[in-house]
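Per numbering that gives the first Met the number 0, the sequence shown runs over residues 0 to 142.
In this text, a Cβ means the ideal position worked out from N, Cα and C, and glycines have one as well.
These numbers come from a predicted model, not from an experiment.
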Amino acid sequence: MATLRVVLDTNVLLSGIAYPASVPGKIMAAWRHGSLEVLLSDYILEELRRVLPRLSHRHGLTTDEIDDLIDSLAIQAEVIEPALAPEPTLRDVDDRPVLGTLVAALQAAGADYLITGDKDLLALAERFPILTPAAFWGTHGGL
(Lines of atoms letter the chains of each structure in order from A and count residues from 1; the text may use other names and numbers.)
(Lines give C-alpha, C1' and ligand atoms only; values in the text may rest on other atoms or scores of the structure.)
Protein backbone atom coordinates (compact mmCIF):
# COMPACT_ATOMS: atom_id res chain seq x y z
CA MET A 1 0.00 0.00 0.00
CA ALA A 2 1.29 3.45 -0.90
CA THR A 3 2.17 5.81 1.91
CA LEU A 4 -0.65 8.22 2.68
CA ARG A 5 0.07 11.84 1.79
CA VAL A 6 -1.69 14.44 3.90
CA VAL A 7 -1.79 18.19 4.42
CA LEU A 8 -1.71 19.06 8.12
CA ASP A 9 -3.40 22.31 9.12
CA THR A 10 -1.67 24.60 11.61
CA ASN A 11 -4.05 23.60 14.44
CA VAL A 12 -3.05 19.93 14.04
CA LEU A 13 0.67 20.80 14.08
CA LEU A 14 0.17 23.01 17.15
CA SER A 15 -1.74 20.32 19.05
CA GLY A 16 0.77 17.68 18.05
CA ILE A 17 3.68 19.77 19.33
CA ALA A 18 1.98 20.97 22.53
CA TYR A 19 0.30 17.64 23.34
CA PRO A 20 2.45 14.74 22.03
CA ALA A 21 0.11 12.08 23.50
CA SER A 22 -2.93 13.52 21.67
CA VAL A 23 -4.25 12.21 18.35
CA PRO A 24 -2.47 15.05 16.47
CA GLY A 25 0.68 14.06 18.37
CA LYS A 26 0.25 10.47 17.18
CA ILE A 27 -0.22 11.70 13.60
CA MET A 28 3.01 13.70 13.88
CA ALA A 29 4.79 10.66 15.32
CA ALA A 30 3.60 8.58 12.34
CA TRP A 31 5.07 11.29 10.10
CA ARG A 32 8.39 11.25 12.00
CA HIS A 33 8.54 7.46 11.66
CA GLY A 34 7.99 7.70 7.91
CA SER A 35 4.61 5.97 7.76
CA LEU A 36 2.93 9.18 6.59
CA GLU A 37 4.05 11.85 4.13
CA VAL A 38 3.11 15.43 4.96
CA LEU A 39 2.62 18.34 2.58
CA LEU A 40 2.72 21.89 3.92
CA SER A 41 2.86 25.37 2.46
CA ASP A 42 4.96 28.33 3.56
CA TYR A 43 1.67 29.88 4.70
CA ILE A 44 1.03 27.01 7.16
CA LEU A 45 4.65 27.07 8.36
CA GLU A 46 4.56 30.84 8.89
CA GLU A 47 1.23 30.64 10.70
CA LEU A 48 2.78 28.01 12.97
CA ARG A 49 5.81 30.26 13.54
CA ARG A 50 3.45 33.10 14.57
CA VAL A 51 1.26 31.05 16.91
CA LEU A 52 3.74 28.69 18.62
CA PRO A 53 5.22 31.37 20.93
CA ARG A 54 1.73 31.85 22.45
CA LEU A 55 1.80 28.20 23.58
CA SER A 56 5.27 28.31 25.12
CA HIS A 57 3.74 27.46 28.51
CA ARG A 58 2.71 24.09 26.97
CA HIS A 59 5.81 23.14 24.99
CA GLY A 60 8.55 25.18 26.73
CA LEU A 61 10.37 25.97 23.49
CA THR A 62 12.46 29.13 23.14
CA THR A 63 12.21 31.35 20.06
CA ASP A 64 15.37 29.75 18.63
CA GLU A 65 14.01 26.26 19.28
CA ILE A 66 10.75 27.21 17.56
CA ASP A 67 12.73 28.45 14.52
CA ASP A 68 14.71 25.17 14.49
CA LEU A 69 11.47 23.15 14.76
CA ILE A 70 9.83 25.05 11.88
CA ASP A 71 12.99 24.55 9.78
CA SER A 72 13.03 20.82 10.49
CA LEU A 73 9.31 20.50 9.67
CA ALA A 74 9.96 22.34 6.39
CA ILE A 75 12.75 19.88 5.57
CA GLN A 76 10.70 16.79 6.49
CA ALA A 77 7.58 17.95 4.65
CA GLU A 78 7.01 18.52 0.99
CA VAL A 79 6.45 22.27 0.84
CA ILE A 80 4.11 23.31 -1.95
CA GLU A 81 2.67 26.59 -3.21
CA PRO A 82 -1.07 26.95 -2.46
CA ALA A 83 -3.42 27.15 -5.42
CA LEU A 84 -6.12 29.80 -5.49
CA ALA A 85 -8.84 28.34 -3.31
CA PRO A 86 -11.96 27.89 -5.43
CA GLU A 87 -14.28 28.38 -2.49
CA PRO A 88 -15.98 31.75 -2.12
CA THR A 89 -18.12 30.52 0.78
CA LEU A 90 -15.21 30.14 3.21
CA ARG A 91 -16.09 32.34 6.17
CA ASP A 92 -12.50 32.91 7.35
CA VAL A 93 -10.21 34.34 4.65
CA ASP A 94 -7.23 32.93 6.59
CA ASP A 95 -8.49 29.46 5.69
CA ARG A 96 -8.19 30.11 1.96
CA PRO A 97 -4.42 29.44 1.74
CA VAL A 98 -4.93 26.23 3.75
CA LEU A 99 -7.65 25.05 1.37
CA GLY A 100 -5.42 26.23 -1.49
CA THR A 101 -2.62 24.04 -0.13
CA LEU A 102 -4.98 21.06 -0.24
CA VAL A 103 -6.11 21.90 -3.79
CA ALA A 104 -2.49 22.19 -4.98
CA ALA A 105 -1.58 19.00 -3.13
CA LEU A 106 -4.47 17.13 -4.75
CA GLN A 107 -3.61 18.41 -8.23
CA ALA A 108 0.16 18.12 -8.22
CA ALA A 109 1.22 15.86 -5.41
CA GLY A 110 -1.40 13.16 -5.07
CA ALA A 111 -2.47 14.11 -1.56
CA ASP A 112 -5.09 12.00 0.18
CA TYR A 113 -6.49 14.36 2.85
CA LEU A 114 -6.37 17.65 4.67
CA ILE A 115 -6.38 16.97 8.40
CA THR A 116 -7.77 19.86 10.42
CA GLY A 117 -9.81 20.76 13.47
CA ASP A 118 -11.09 23.93 11.77
CA LYS A 119 -14.89 23.82 11.58
CA ASP A 120 -15.04 26.17 8.57
CA LEU A 121 -12.77 23.85 6.57
CA LEU A 122 -14.51 20.71 7.86
CA ALA A 123 -17.79 22.17 6.54
CA LEU A 124 -16.33 21.63 3.04
CA ALA A 125 -15.75 17.91 3.60
CA GLU A 126 -18.51 16.97 1.17
CA ARG A 127 -16.54 18.54 -1.67
CA PHE A 128 -12.95 18.01 -0.51
CA PRO A 129 -11.17 15.16 1.30
CA ILE A 130 -11.02 16.86 4.71
CA LEU A 131 -10.98 14.93 7.99
CA THR A 132 -10.62 15.69 11.67
CA PRO A 133 -7.54 14.20 13.35
CA ALA A 134 -9.83 11.73 15.20
CA ALA A 135 -11.59 10.60 12.00
CA PHE A 136 -8.26 10.18 10.20
CA TRP A 137 -6.73 8.26 13.12
CA GLY A 138 -9.86 6.13 13.48
CA THR A 139 -9.49 5.01 9.87
CA HIS A 140 -5.69 5.00 9.46
CA GLY A 141 -4.36 4.78 13.02
CA GLY A 142 -2.62 1.49 12.38
CA LEU A 143 -0.14 3.10 9.95
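- Taking all protein chains in view, the Cβ of residue 40 is crowded by 16 or more other Cβ atoms within 10 Å, so the residue is classified as buried.
- The beta-carbon separation of residue 42 and residue 96, rounded to 4 Å, stays under the 8 Å limit for a contact.
- Residue 4 has 36 as its beta-bridge partners, per DSSP.
- Each of 89, 22 and 141 was checked against the Cα of residue 124, and the nearest Cα belongs to 89.
- With distances taken between CA atoms, residue 100 lies nearest to 81 out of 133, 46 and 81.
- Secondary-structure assignment with DSSP links residue 113 through a beta bridge to 6 and 129.
- When secondary structure is reduced to three states using DSSP, residue 77 falls in the strand class.
- Contact between residue 5 and residue 114 is confirmed by a C-beta separation of about 5 Å, below the 8 Å threshold.
- In this structure residue 12 touches residue 47 by the C-beta definition: roughly 5 Å separates them, less than 8 Å.
- In the three-state reduction of the DSSP assignment, residue 103 falls in the helix class.
- Taking a contact as a CB-CB distance under 8 Å, the pair residue 135 and residue 26 counts as one, their CB atoms being some 7 Å apart.
- Between residue 7 and residue 139 a beta carbon distance of about 13 Å is seen, past the 8 Å cut, so the two are scored as non-contacting.
- Taken through DSSP and simplified to helix, strand or coil, residue 83 comes out as coil.
- In the DSSP assignment, residue 42 falls within the unbroken alpha helix (DSSP H) covering 41-50.
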